[in-house]
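Colleague:
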Amino acid sequence: MSETYEFLSAHIQQIQEDLISIVKAESPSLQKELVDKTGNLLKDIVQNRLGSNYICTVHPQEYYGDHLQFEKKESESSKPRVLFLSHFDTVWQEGELPIRFDEQLLYGPGVFDMKAGLLSSIWAVTSLEKTLDTLPISPVFLFTSDEETGSLSSRDLIEQVAKTCDAVFVMEPAEAHTHALKTARKGIGMYQLDVQGVSAHAGNNHEDGVNAILEMTYLIQQLHELTDYSKGTTVSVGTIKGGTTSNVVPEHASIEVDFRMTSLEEASRLMQTIDQLNPKNPLAQLTITGELNRPPLERNEANRKLYELAKIAGKKLNIDLKESSVGGGSDGNFTSALGIPTIDGLGIPGDGPHARHEHIRFDLFAQRCALVAELCITYAQNLSVEQLEKKTPQTS
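In this text, residue positions in the sequence shown follow this note's numbering: the first is 31, and each later residue adds one.
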């Protein structure tokens, strides 16, 4: 096993204490005060593990928790900048989910998604600091507070910071059961459709009305016909509202639509088709609002190369890594769409994201954390070889 793994195994008790402390510090996305308390705890952990050499830049937010960015005071420009991307908000309300240890399984709010992964990035760099004479990379940590609500306040920051980096390591958890890294994620779009009809008495003047609910049913059928499983495309109407009482022809109806796809090309096709929808009755008025919330994380060449390097790093730890494509999105979708090499699923294995059995395999923490550290070394070495090859003149 590697030196980083040996270091992490020797400090597993401290890791456990850190992890339990941040899981206990509950951080529901929309409760800014609680999220900021968790953020303050994270500042302490970074300083305790990595030292005062790492400075924190706080990106204050009005409605969400403040976003946190950590970097070394004096980073070496010659080393590749690696962004460790994590979020520390959770879907759980305060006190909703108990924390418990069951043998080597740690249950608790946000432990799988994704506080264990966030902590793993801190300890991975700590292991490198303690076992090497010099860091192979220039680490950048970005901990955001609103991923579970769509990253509305953090997307611009994520993209801005990512553009200064050479690669992005997303510390979301590995795929449940397989422990695979996530080399592809679907893009996510959200639309709202509103139909305005004409109200009328359902008995006396039925013919004068324009039934908004009826019009909406035609549109819903057209939307669902856009689903194409062979392409990985799904369009789902998740909510519908309309009408007032049964004896009035309903003048208004609205739906919320979730659509997912595997490529930007498919996203463009879907959005163009949806934007061109029209009601069947010309007297009905249709309003369409929405956007592509997250572009897809595609298996492009740069991302595949990071995965291959992760496999090499995994062999040092006797891990036979696999890759997976998943339907849910992450903040890595943003960075990959910018063309920055991105690899996802580097967090700690477990199961139950957004479910009451949410947990991690704590017995795998040291090994998977060491994988991140070894990937840093492997990535830097590979980059050095590539740069050397570019400088070496070719002979015929």
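Backbone N, C-alpha and C fix where the C-beta goes; we use that ideal spot for every residue, glycine too.
Within 10 angstroms of its Cβ, does Gln85 collect 16 or more other Cβ (buried), or is it exposed?
Modeller: The sequence shown places Ile at residue 85, not Gln. Around the beta carbon of Ile85, fewer than 16 other beta carbons sit within 10 angstroms, so the residue counts as exposed.
Colleague: Is Asn311 closer than 8 Å to Glu245 when the C-beta atoms are compared?
Modeller: yes
Colleague: My output table needs one value for Val121: the three-state DSSP class, helix, strand or coil.
Modeller: coil
Colleague: Would Lys193 be called buried (16 or more neighbouring beta carbons within 10 Å of its own) or exposed?
Modeller: exposed
Colleague: Quick one: is Val88 buried, meaning 16 or more other Cβ sit within 10 Å of its Cβ, or exposed?
Modeller: With fewer than 16 neighbouring CB atoms inside 10 Å of its own CB, Val88 falls in the exposed class.
Colleague: List, from N- to C-terminal side, the alpha helix (DSSP H) runs of 4 residues or more that fit wholly inside the segment 289-375.
Modeller: 294-305, 331-345, 362-367
Colleague: List the whole-angstrom C-beta distance separating Glu250 from Ile285, where the pair is believed to meet the contact cut-off of C-beta under 8 Å.
Modeller: According to the sequence displayed, residue 250 carries Ile and not Glu. With 8 Å as the limit, Ile250 and Ile285 qualify as a contact, their Cβ atoms being about 7 Å apart.
Colleague: According to DSSP, what are the bridge partners of Val170?
Modeller: Glu101, Leu113
Colleague: Alpha carbon to alpha carbon, how far is Pro29 from Ala396?
Modeller: An answer regarding residue 29 cannot be provided, because it is not within the stretch 31 to 426 covered by the chain.
Colleague: Quick check: the Cα distance between Pro326 and Ala232, rounded to an integer number of angstroms?
Modeller: 46 Å
Colleague: Taking all protein chains shown into account, decide if Asp143 is buried (16 or more other Cβ within 10 angstroms of its Cβ) or exposed.
Modeller: buried
Colleague: In the DSSP assignment, find the beta strand (DSSP E) that holds Lys145 and state where it starts and stops.
Modeller: Counting along the chain, Lys145 falls outside any beta strand (DSSP E), and DSSP gives it neither H nor E.
Colleague: Does the distance from the CB of Ala266 to the CB of Asp288 come in under 8 Å?
Modeller: The residue asked about is misnamed: residue 266 is Ser in this sequence, not Ala. A contact, by the Cβ cut-off of 8 Å.
Colleague: Throw me the rounded Cβ distance for the Gly272 and His282 pair, which I believe falls under 8 Å.
Modeller: 6 Å
Colleague: According to DSSP, is Gly69 helix, strand or coil?
Modeller: helix
Colleague: Measure from the alpha carbon of Arg185 to the alpha carbon of each residue in Gln91, Leu72, Thr275, then state which is nearest.
Modeller: Gln91
Colleague: Nearest CA to the CA of Gly357: which residue from Gln190, Thr264, His41?
Modeller: Answer by Cα proximity: Thr264.
Colleague: May I have the straight-line CA-CA distance separating Glu205 from Asp196, to the nearest angstrom?
Modeller: 25 Å
Colleague: Can you check which of these residues, Val76, Pro383, Glu56, is closest to Thr156 by C-alpha distance?
Modeller: Val76
Colleague: Sorted by chain position, which residues of the same chain lie with C-beta nearer than 6 Å to Glu101's C-beta, five sequence neighbours on each side aside?
Modeller: Val170
Colleague: Locate the beta strand (DSSP E) running through Ser39, then write down its first and last residues.
Modeller: Counting along the chain, Ser39 falls outside any beta strand (DSSP E), though it belongs to the alpha helix (DSSP H) covering 33-40.
Colleague: Return yes when the Cβ of Trp153 is within less than 8 Å of the Cβ of Ile45, no when it is not.
Modeller: yes
Colleague: Our contact map puts Ser354 next to Thr208 with C-beta atoms below 8 Å; I'd like the distance itself, whole angstroms only.
Modeller: 6 Å
Colleague: One question on the structure: do Val53 and Gly138 come within less than 8 Å of each other, judged by their Cβ atoms?
Modeller: Yes, the pair counts as a contact, with Cβ atoms nearer than the cut-off.
Colleague: Is it buried or exposed, Arg130, if we count other Cβ atoms within 10 angstroms and call 16 or more buried?
Modeller: It is exposed - the Cβ of Arg130 has fewer than 16 other Cβ atoms within 10 Å.
Colleague: Rounded C-beta distance between Lys346 and Ser32? I'm assuming under 8 Å.
Modeller: 5 Å
Colleague: Between Leu376 and the rest of its own chain, which residues show a CB-CB distance below 6 Å, the 5 nearest in sequence each way excluded?
Modeller: Phe199, Met201, Val402
Colleague: Going along the chain, which residues of its own chain have a beta-carbon closer than 7 Å to the beta-carbon of Ala55, five neighbours each way excluded?
Modeller: Lys67, Thr68, Leu71
Colleague: In angstroms with no decimal places, state the Cα-to-Cα distance between Leu172 and Phe114.
Modeller: 6 Å
Colleague: Figure out for me which residue from Met291, Ala340, Gln190, Glu126 has the closest Cα to the Cα of Leu322.
Modeller: Met291
Colleague: Consult DSSP for Ile50 and reduce its assignment to one of helix, strand or coil.
Modeller: helix
Colleague: So for Met481, helix, strand or coil by DSSP?
Modeller: The displayed coordinates of the chain run from 31 to 426. Any statement about residue 481 would go beyond what the structure contains.
Colleague: Over the uninterrupted alpha helix (DSSP H) stretch that includes Val191, give me the two end residues.
Modeller: Element bounds for Val191: 185-192.
Colleague: Nearest by alpha-carbon distance to Lys212: which of Tyr248, Glu419, Arg329, Gln302 is it?
Modeller: Arg329
Colleague: Helix, strand or coil, according to DSSP, for Ile218 in the structure here?
Modeller: strand
Colleague: In the structure shown, what three-state DSSP assignment does Tyr93 receive?
Modeller: coil
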